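Everything below concerns the one structure shown next.
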Amino acid sequence: MGPVLIVDDEFGIVEAVRDLLSDEGYRVATALNGREALERMARERPSMVLLDYMMPLLNGPGVLEAMQRDPVLRDVPVVMMSASPPEFWQHLPCAGFLPKPFDIDQLLATVRQIVGGPPLH
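Mapping to full-length UniProt numbering: the sequence shown position 27 is 27, numbers consecutive.
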């Protein structure tokens, strides 16, 4: 199973979510913009992507569009993260949405629902 890929241009969010998911036992990868995310996904297919809507270089919708064109990435579940109102993201082909600032329990429940529990060691 691939990592949970966290994509956000706010380092503090990436760090907090990475630490939370790592502490829960998930394997995690990170990217600080959409281009970096696509480069990471080319090296290793993630089990899911937590994707910020607004980022420099390549925004969340741009990443989703690139993923939809790629037969390897097309089926990777994406959960959009944003403080933007629903009309910005509700039309996008994503598996879910987490409003920012997000609730930790909701974040963990969303990851568990999509990926399942973390692997047992």
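Positions of the beta carbon are idealized from the N, C-alpha and C atoms, including for glycine. As the structure is a prediction and not an experimental result, all values here were calculated from the model.
Candidates the options: closest to residue i by CA position
i: residue 109; options: 35, 37, 20 and 73; result: 20
i: residue 116; options: 100, 48, 90 and 68; result: 48
i: residue 42; options: 96, 94 and 72; result: 72
i: residue 81; options: 91, 112, 46 and 7; result: 7
i: residue 57; options: 89, 33 and 112; result: 33
Residues sharing a beta bridge with residue i, DSSP
i: residue 31; result: 7
i: residue 97; result: 80
i: residue 52; result: 81
CB-CB length for residue i against residue j, believed under 8 Å
i: residue 78; j: residue 51; result: 5 Å
i: residue 29; j: residue 3; result: 4 Å
i: residue 98; j: residue 106; result: 7 Å
Own chain, CB closer than 7 Å to residue i, minus 5 neighbours either side, in chain order
i: residue 95; result: 77, 78, 79 and 114
Own chain partners of residue i with C-beta closer than 6 Å, once the 5 adjacent residues on each side are dropped
i: residue 25; result: 118
i: residue 17; result: 6
i: residue 67; result: 73
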